[in-house]
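Presented below is the structure to which this report refers.
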Amino acid sequence: MRKITRQDMINAVEAMIIDANVNLDLKMVIKLKLAMEKETSLIAKSVIAEILENQDIARDENIPMCQDTGVAVFFVEIGNEVFLDFNVEDAINEAVRNAYKRGYLRKSVVKHPLDRVNTLDNTPAIIHIEQTMNDYVTIKMAAKGAGSENMSAMKMLTPSEGRQGIIDFVLKTIKDAGGRACPPIIVGLGIGGNFEKVTEIAKSAIFRDLDDHSLNEVDRLLEEELLVKINELGVGPMGLRGETTCIAVKVNSYPCHIASLPVAVNIQCHAARHKEVVLKGDIL
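Last residue of the sequence shown: 334 in my numbering, with the numbers rising by one and none dropped.
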């Protein structure tokens with residue numbers, strides 16, 4: 051059994067939020083550089099070069115890589131052998147307040163969707179909590195901007211629409227998004243579950259490692275086919291045409307009702323501001 055203190059969690063989350071907003075994931079940087087080398091369009095090459103230069107400036111000057119510093123989204127895995135004597139959601143929200151103030155990050159959360167009054171501290175965060183069988187806590191965080199989020203979509207297909215129906219829906223979603231999703235993008239595809247579950251697994255898909263592939267062969271083959279077909283759309287970097295519309299497709303699936311085929315597409319823009327931390331605490 052291990053104990054993690056509230057302050058340790060706050061400190062870790064605060065640091066990862068600032069880091070995520072300033073430093074683009076190294077694997078994303080590598081993928082963008084490879085894409086730039088392969089691009090045949092000079093405009094597409096120059097757009098990717100601008101994205102990479104922007105990241106260099108953000109890192110060197112310790113400033114956010116994008117003005118939309120997003121809603122803070124967390125997936126938290128709490129081991130059953132971990133002792134916590136505090137409210138995890140409260141601790142994470144305190145860390146969000148601290149980070150967005152200390153890092154001079156834009157506050158982008160409003161109290162109510164209709165009155166649009168800003169909370170002034172970027173809380174509340176969106177937090178998903180899951181129990182696991184281990185003795186540590188894993189926290190995955192993303193600063194999720196509105197550009198790509200607004201272009202995401204969910205649909206309840208019929209089972210008869212099947213695999214082709216899923217492909218058609220994904221391609222239409224990406225084509226309709228165009229440059230507004232700030233490509234090159236990462237696509238998180240959720241299949242199955244129900245109305246709320248499918249959007250959750252689509253969101254969690256964009257948190258996966260850029261280099262991984264689904265362990266389920268059906269999902270893996272769908273990932274591979276969709277990546278090719280999305281790039282064949284020719285949307286290109288920032289919607290200015292080219293061969294690089296999508297960097298990766300991640301498919302998560304879940305059992306569903308015999309009469310349903312829920313599908314959700316969650317789009318991540320090129321500013322993939324994702325970080326992960328593992329807290330182990332002290333042995334009791």
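Backbone N, C-alpha and C fix where the C-beta goes; we use that ideal spot for every residue, glycine too. Here the structure is a predicted model, which means the values were calculated and not measured.
- Between M201 and R230, the C-beta gap is smaller than 8 Å, which places the two residues in contact.
- For V138, the uninterrupted alpha helix (DSSP H) segment begins and ends at 138–152.
- For N316, the enclosing beta strand (DSSP E) starts and ends at 311–318.
- Taking a contact as a CB-CB distance under 8 Å, the pair C116 and G240 does not count as one, their CB atoms being some 25 Å apart.
- Inter-segment contact for the segment 317–328 and the segment 220–238 is present: three or more beta-carbon pairs are separated by less than 8 Å.
- Going by DSSP, G129 is part of the beta strand (DSSP E) stretching over 121–129.
- In the displayed model, K77 falls within a helix according to three-state DSSP.
- In this structure the segment 137–150 lies against the segment 168–179, because at least three pairs of beta carbons, one per stretch, are closer than 8 Å.
- DSSP, reduced to helix, strand and coil, places I60 within a helical segment of the structure shown.
- When the five nearest sequence neighbours on each side are left out, the beta carbons in the same chain lying within less than 8 Å of the beta carbon of I216 are those of L207, L239, I241, L272, L311, V313, in order along the chain.
- The distance from the Cβ of L329 to that of V187 is about 4 Å, consistent with a contact at the 8 Å cut-off.
- The beta carbon of R166 sits closer than 7 Å to those of V160, all from its chain and outside the five residues before and after it, given in chain order.
- In this model, N71 and H263 are separated by some 26 Å (Cα to Cα).
- Residue pairing by DSSP places R52 opposite V132, I333 in a beta bridge.
- P114 and K325 have their C-alpha atoms some 15 Å from each other.
- If you draw a straight line from the Cα of G286 to the Cα of D226, it comes to about 13 Å.
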